[in-house]
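Visitor: Chains as they are written, first to last, in the working numbering: chain A, 51 to 366; chain B, 2 to 343.
Ideal Cβ positions, reconstructed from N, Cα and C, are used throughout, including at glycine.
A quick note: this is a predicted structure, and the numbers were derived from the prediction, not measured.
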Amino acid sequence: MDVSGINSKKLITPGIFIVVLALLAALPFYASLYGVVLITSILMYIILTVSWTIFSGTTGYLSLATAAFFGVGIYTSAILAGQIPIVIVVILGGLVSFGVAALVGALTLRLKGVYFAMFTLGLVELIKHSLIWYEIKFTGTRGRFVIVVDNETIFWIMLGIFAVLLITTYIIRNSKYGLALQAIGEQEEAAAHSGVNVTMLKVVTFAISALFMGAAGAIMATRWTYIDPGIAFNINLSFLPVLMAIFGGMTQLFGPFLGATIIAYLEEILLTKFPYYYMLIFGVILSIVILYLPQGISGLVQKFWRRFPGGKSANT
Amino acid sequence: MFVTTLDVLIAGLLLGGLYALIAMGLSLQYGVAKVLNVAHGEFIMLGGLTTWTLYIVFGVNPLIGIVVCGPITLIIGFIIHSTFFRHLRESIPVFGEISLLGIFIAVLPFGLNQPIVASVIIILGIVLDIVLYKTVFKRLSPSTIFNQGAFEGKSMLFSFGLVFIIQNIAFISWGPDYRSYSYMRFPVDIAGALFGANRLVTLGFALAIGLAFYIFLARTRMGKAIRAAASDATTAGLMGVNINMVLAICFGFGAAMAGVAGVLVSMCYPVNAAMGMEYTIIAIIVVALGGMGSILGSFIGGFILGIIGSIVTYFEPGLALVAYYVIFIILLLVRPKGIMGK
Chain A
51 MDVSGINSKK LITPGIFIVV LALLAALPFY ASLYGVVLIT SILMYIILTV
101 SWTIFSGTTG YLSLATAAFF GVGIYTSAIL AGQIPIVIVV ILGGLVSFGV
151 AALVGALTLR LKGVYFAMFT LGLVELIKHS LIWYEIKFTG TRGRFVIVVD
201 NETIFWIMLG IFAVLLITTY IIRNSKYGLA LQAIGEQEEA AAHSGVNVTM
251 LKVVTFAISA LFMGAAGAIM ATRWTYIDPG IAFNINLSFL PVLMAIFGGM
301 TQLFGPFLGA TIIAYLEEIL LTKFPYYYML IFGVILSIVI LYLPQGISGL
351 VQKFWRRFPG GKSANT
Chain B
2 MFVTTLDVLI AGLLLGGLYA LIAMGLSLQY GVAKVLNVAH GEFIMLGGLT
52 TWTLYIVFGV NPLIGIVVCG PITLIIGFII HSTFFRHLRE SIPVFGEISL
102 LGIFIAVLPF GLNQPIVASV IIILGIVLDI VLYKTVFKRL SPSTIFNQGA
152 FEGKSMLFSF GLVFIIQNIA FISWGPDYRS YSYMRFPVDI AGALFGANRL
202 VTLGFALAIG LAFYIFLART RMGKAIRAAA SDATTAGLMG VNINMVLAIC
252 FGFGAAMAGV AGVLVSMCYP VNAAMGMEYT IIAIIVVALG GMGSILGSFI
302 GGFILGIIGS IVTYFEPGLA LVAYYVIFII LLLVRPKGIM GK
């Protein structure tokens, strides 16, 4: 076996990531303001999708709580921004989400299949309605204003979250925990019998994925300037990451990236002109992908790739 | 004090009748067809908005709206199940689904006032459907192994797609405004407490439909086939039940119950295109409360949740939905199979 060859191949992927990250980090110096804002929102969707895939993509537990953790981040930011540096606000937003997810996960991750999906869907609405009730009853207002931060800072912080998420995903995928998560997805009882601490692993992974969602929410809140429970806990943000991940395909690391980028860009060009048509197109895309492309685009790419001579060995 | 208690209880029963009807439909779809139909609330919305249009534009009595909306939603539900969900069930494409997708896609050019482009897309869809069916799909054989877990996950995701499609077609046709009309709003006196006549009609219809459906299940041949499919669809199919037909009819009945519930909802509350999800979640909670797949359980669960909602609303108006979720969470943790579950 050619050891040096394997090592160099292993270095290619991180190498590409570092180059892409460096190119992106310098973006505010050569791109227009619109470009920066566009890339920021695409990054937000990538963060939500990839962090959703960390947990749900491997274990098969369909979580629809993305909007809940994102919203928790937003509210943390709405309460704290302006009083302490924004970076700390973002970290706190992530940590609060982490805490909420750990609590919720510990309570509910023994639910199987659709029960878990239903519960997480209910969680978003539970937090939203409790907050609406609380705000009207005790603070007397429905929404809150968030201190504005300039676009470059938002972009760099988002990119920072993205980089940390990438490293985390890479580490999880290539560690024994990644294998254990896949084992849970394949056959949970068999995984438990092989010595995997199933409950612990599920709760921690669920909480880690929520950490990034919360952090992304905390920084996005500063861009929106005004938030209320309806905006912060928008149920669409629970479905979109699922759609993006399925569209991109979850078997490969690049699948969710691809899906999030394409659909987020579609949203950007369609949302302002045709808001309802855009959601309608989403519905049609989701339906078509579930019916005809169960492996997503990356699965399709892989299928074609295998047809080329030598493609099989190059793609391992 | 007695009058107040009675007041709250009756209000709860009136609300509960509506919940029971909605939940029975979902229970039928989930219990028999194994589709956790997240688009259930969208059929309620369709029923409500159609009735509004019929009443305001054409002056049709909302009670006649039930006769219109019930069959329409039944047919829509039947078609959706016998194309898309049958595809997901058997893992092979079914004739007709590409045409339907073509119609969904054609909404976009229609909205942009380009009927020619829209017609071309629809015709293309139908042609593609026929050609593909005759050449490729016909040779595929349905998968014999039915993986329930995988089907439940996929069909739920597919119904999310339906939510987006139906909801946004409604947004395009009716706009985002809240619609309401006044019909049978005169008060009726029950033991000293006053209630709108429309509420009482709602309860009456919910009870009547529940009873009629129960008799249908217990006494007819189709009812027997449905009960057989509910306990084991694959075996029922081997015993000569036309399983695709039965499951599609079940799904259609579920959708029709949602459509009728929508008519009744529109008589009591304002309706708009975004109202569906809230009712879906309530229906899911009631079904979980009553026990997955138990139609009687959903019926009873609906009334229980209605009474709880009414009591909570009496003490703290903003918290009714929150109370439902809390019940849902406690229920899932303590007794996930529900009160009537096996």
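What are the complete alpha helix (DSSP H) segments, minimum 4 residues, inside the region 28-99 of chain B?
Guide: The region 28-99 of chain B contains, as complete alpha helix (DSSP H) runs of 4+ residues, the segments 41-59, 63-81, 87-91 (chain order).
Visitor: Indicate the three-state DSSP secondary structure (helix, strand or coil) for ARG180 (chain B) in the structure shown.
Guide: What you label residue 180 (chain B) is simply residue 179 of the second sequence in a count that begins at 1. Of the three classes helix, strand and coil, the one that applies to ARG180 (chain B) here is strand, per DSSP.
Visitor: Kindly indicate which residue of B:GLY298, B:LEU333, B:TYR325, B:GLY303 has the alpha-carbon position closest to the one of MET341 (chain B).
Guide: Taking the first residue of the second sequence as position 1, residue 341 (chain B) is located at position 340. The option with the nearest alpha carbon to MET341 (chain B) is B:GLY298.
Visitor: So that I know if they touch, is there some Cβ in chain A lying closer than 8 Å to that of TYR270 (chain B)?
Guide: To locate residue 270 (chain B), count along the second sequence from 1; it is residue 269. Closer than 8 Å: no.
Visitor: Residues of chain A with CB closer than 8 Å to the CB of GLU153 (chain B), please, in chain order.
Guide: As a position in the second sequence, residue 153 (chain B) is number 152, starting the count at 1. Ordered by position in chain A, the residues that pass the 8 Å Cβ test against GLU153 (chain B) are GLY163, VAL164.
Visitor: Determine, using beta carbons only, whether GLY291 (chain B) and GLY339 (chain B) come nearer to each other than 8 Å.
Guide: For the purposes of this step, residue 291 (chain B) is identified with residue 290 of the second sequence, where counting begins at 1. For the purposes of this step, residue 339 (chain B) is identified with residue 338 of the second sequence, where counting begins at 1. Yes, the pair counts as a contact, with Cβ atoms nearer than the cut-off.
Visitor: Excluding sequence positions up to five away, which residues of its chain have a Cβ less than 8 Å from the Cβ of LEU102 (chain B)?
Guide: The sequence position of residue 102 (chain B) within the second sequence is 101, counting from 1. These residues qualify, in order along the chain: GLY126.
Visitor: Using a 10 Å radius around the Cβ and a threshold of 16 neighbouring Cβ atoms, would you call PRO135 (chain A) buried or exposed?
Guide: Residue mapping note: residue 135 (chain A) aligns to position 85 of the first sequence, counting from 1. Looking at its Cβ environment, which holds fewer than 16 other Cβ atoms inside 10 Å, PRO135 (chain A) is exposed.
Visitor: Kindly give me the distance between the Cβ atoms of ILE296 (chain B) and MET25 (chain B), rounded to whole angstroms, as I take these residues to be in contact under 8 Å.
Guide: Here residue 296 (chain B) is taken as the residue at index 295 of the second sequence, counted from 1. Here residue 25 (chain B) is taken as the residue at index 24 of the second sequence, counted from 1. Right, the Cβ-Cβ distance comes to about 6 Å (below 8 Å), so this counts as a contact.
Visitor: Which whole runs of the alpha helix (DSSP H) in the region 83-148 of chain A are 4 residues long or more, in chain order?
Guide: List check, alpha helix (DSSP H) in window: 83-102, 116-130.
Visitor: Could you check the C-alpha separation between GLY305 (chain A) and ARG336 (chain B) for me, to the nearest Å?
Guide: Locating residue 305 (chain A) in the first sequence gives position 255, counting from the first residue. Locating residue 336 (chain B) in the second sequence gives position 335, counting from the first residue. Rounded to whole angstroms, GLY305 (chain A) to ARG336 (chain B) spans 38 Å at the Cα level.
Visitor: Could you give the distance in angstroms between the alpha-carbon of LYS225 (chain B) and the alpha-carbon of ARG273 (chain A)?
Guide: In the second sequence, counting from the first residue as 1, residue 225 (chain B) sits at position 224. In the first sequence, counting from the first residue as 1, residue 273 (chain A) sits at position 223. Taking the straight line from one Cα to the other gives about 58 Å.
Visitor: Rounded to whole angstroms, what is the Cα-Cα separation between ILE92 (chain A) and ALA72 (chain A)?
Guide: Locating residue 92 (chain A) in the first sequence gives position 42, counting from the first residue. Locating residue 72 (chain A) in the first sequence gives position 22, counting from the first residue. C-alpha separation (whole angstroms): 17 Å.
Visitor: I need the DSSP call for ALA364 (chain A), collapsed to helix, strand or coil.
Guide: The residue labelled residue 364 (chain A) in the question sits at position 314 within the first sequence. Residue confidence for ALA364 (chain A) is low, a pLDDT of 47 falling below 50, so the modelled location carries little weight; the figure read from the coordinates is stated next. Residue state, collapsed to three classes: helix.
Visitor: My guess is that LYS178 (chain A) and PHE256 (chain A) are in contact by the Cβ rule of under 8 Å, so how many angstroms apart are they, rounded?
Guide: Mapped onto the first sequence, residue 178 (chain A) falls at position 128. Mapped onto the first sequence, residue 256 (chain A) falls at position 206. About 20 Å separates the CB atoms of LYS178 (chain A) and PHE256 (chain A); that is not less than 8 Å, and the two are not in contact.
Visitor: Pull up the DSSP beta-bridge partners for LEU195 (chain B), would you.
Guide: Here the question's residue 195 (chain B) lines up with position 194 in the second sequence. LEU195 (chain B) pairs with B:ASP190.
Visitor: For chain A, find out if any of its Cβ atoms is closer than 8 Å to the Cβ of ASN38 (chain B); answer yes or no.
Guide: As a working mapping, residue 38 (chain B) is identified with position 37 in the second sequence. With 8 Å as the cut-off, ASN38 (chain B) does not count as an interface residue toward chain A.
Visitor: Determine, using beta carbons only, whether ILE182 (chain A) and PRO279 (chain A) come nearer to each other than 8 Å.
Guide: The residue you call residue 182 (chain A) lines up with position 132 of the first sequence. The residue you call residue 279 (chain A) lines up with position 229 of the first sequence. Yes, the Cβ-Cβ distance between ILE182 (chain A) and PRO279 (chain A) is below 8 Å.
Visitor: With contact counted as at least three CB pairs below 8 Å, one residue from each stretch, are the region 81-100 of chain B and the region 62-71 of chain B in contact?
Guide: no
Visitor: Check whether the region 258-268 of chain A and the region 139-156 of chain A are in contact - that is, three or more C-beta pairs closer than 8 Å.
Guide: yes
Visitor: State the Cα-Cα distance for the pair ASN273 (chain B) and SER183 (chain B), rounded to the nearest angstrom.
Guide: Here residue 273 (chain B) corresponds to residue number 272 of the second sequence, with the count starting at 1. Here residue 183 (chain B) corresponds to residue number 182 of the second sequence, with the count starting at 1. Roughly 16 Å separates the two Cα atoms.
Visitor: Give me the DSSP bridge partner(s) of VAL272 (chain B).
Guide: Against the second sequence, residue 272 (chain B) aligns to sequence position 271. Answer is B:ARG180, bridged to VAL272 (chain B).
Visitor: Where does the unbroken alpha helix (DSSP H) through ALA318 (chain A) begin, and where does it stop?
Guide: As a working mapping, residue 318 (chain A) is identified with position 268 in the first sequence. Sequence inspection shows Glu at residue 318 (chain A); the Ala mentioned does not correspond to that position. It spans 304-321 - the alpha helix (DSSP H) in which GLU318 (chain A) sits, taken as one unbroken run.
Visitor: Mapping DSSP to helix, strand and coil, what is ARG194 (chain A)?
Guide: Here the question's residue 194 (chain A) lines up with position 144 in the first sequence. Of the three classes helix, strand and coil, the one that applies to ARG194 (chain A) here is strand, per DSSP.
Visitor: Given LEU129 (chain B), which residues of its chain have a CB within under 7 Å of its CB, disregarding the five upstream and five downstream residues?
Guide: Taking the first residue of the second sequence as position 1, residue 129 (chain B) is located at position 128. Excluding positions up to five away in sequence, the list reads ILE99.
Visitor: Report yes or no: do three or more beta-carbon pairs, one from the region 207-226 of chain A and one from the region 113-125 of chain A, lie closer than 8 Å?
Guide: no
Visitor: Would THR74 (chain B) and GLY97 (chain B) be called neighbours here (beta carbons separated by less than 8 Å)?
Guide: Mapped onto the second sequence, residue 74 (chain B) falls at position 73. Mapped onto the second sequence, residue 97 (chain B) falls at position 96. No, the Cβ-Cβ distance between THR74 (chain B) and GLY97 (chain B) is not below 8 Å.
Visitor: Would you please verify whether the beta carbon of SER337 (chain A) is less than 8 Å from any beta carbon of chain B?
Guide: Along the first sequence, read from residue 1 onward, the residue named residue 337 (chain A) stands at position 287. Yes, SER337 (chain A) lies at the interface with chain B (some Cβ there is under 8 Å from its Cβ).
Visitor: Please return the same chain residues whose Cβ sits closer than 8 Å to the Cβ of SER144 (chain B), not counting the five positions on each side in sequence.
Guide: If you number the second sequence from 1, residue 144 (chain B) lands on position 143. Cβ neighbours of SER144 (chain B) beyond the five flanking positions: GLU91, SER92, ILE93.
Visitor: Report the rounded CA-to-CA distance for ILE45 (chain B) versus SER142 (chain B), giving the unit in angstroms.
Guide: On the second sequence, position 44 is the one that residue 45 (chain B) refers to. On the second sequence, position 141 is the one that residue 142 (chain B) refers to. Taking the straight line joining both Cα atoms gives about 36 Å.
Visitor: Closest to GLY193 (chain A) by C-alpha separation, out of A:LYS252, A:TYR125, A:TRP206, A:ALA230, would be which residue?
Guide: Walking along the first sequence from the start, residue 193 (chain A) turns up at place 143. When each option's Cα is compared against that of GLY193 (chain A), the closest is A:TYR125.
Visitor: Who are the near neighbours of GLU202 (chain A) in its chain, counting only those whose CB is closer than 8 Å to its CB and skipping five residues on each side?
Guide: In the first sequence, the residue the question calls residue 202 (chain A) occupies position 152. PRO78, VAL86.
Visitor: Run the CB neighbour count on ASP52 (chain A), radius 10 Å, all protein chains shown included, and call it buried at 16 or more, exposed below.
Guide: Sequence index remark: in the first sequence, residue 52 (chain A) carries index 2 (1-based). Here the model assigns ASP52 (chain A) a pLDDT of 45, short of 50, so the residue's position is not dependable, and the following value carries that caveat. By the 10 Å Cβ count, ASP52 (chain A) comes out exposed.
Visitor: Tell me, please, whether the CB atom of LEU109 (chain B) is closer than 8 Å to any CB atom in chain A?
Guide: Position 108 of the second sequence, counted from the first residue, corresponds to residue 109 (chain B). Answer yes: the Cβ-Cβ gap between LEU109 (chain B) and chain A drops below 8 Å somewhere.
Visitor: What is the rounded straight-line gap between the Cα of GLN149 (chain B) and the Cα of THR54 (chain B)?
Guide: As a working note, residue 149 (chain B) is residue 148 in the second sequence. As a working note, residue 54 (chain B) is residue 53 in the second sequence. Spanning the two alpha carbons is a distance of roughly 40 Å.
Visitor: Mind checking if LEU157 (chain A) is an interface residue toward chain B, Cβ cutoff 8 Å exclusive?
Guide: Reading the first sequence from its first residue, position 107 is the one you call residue 157 (chain A). Closer than 8 Å: yes.
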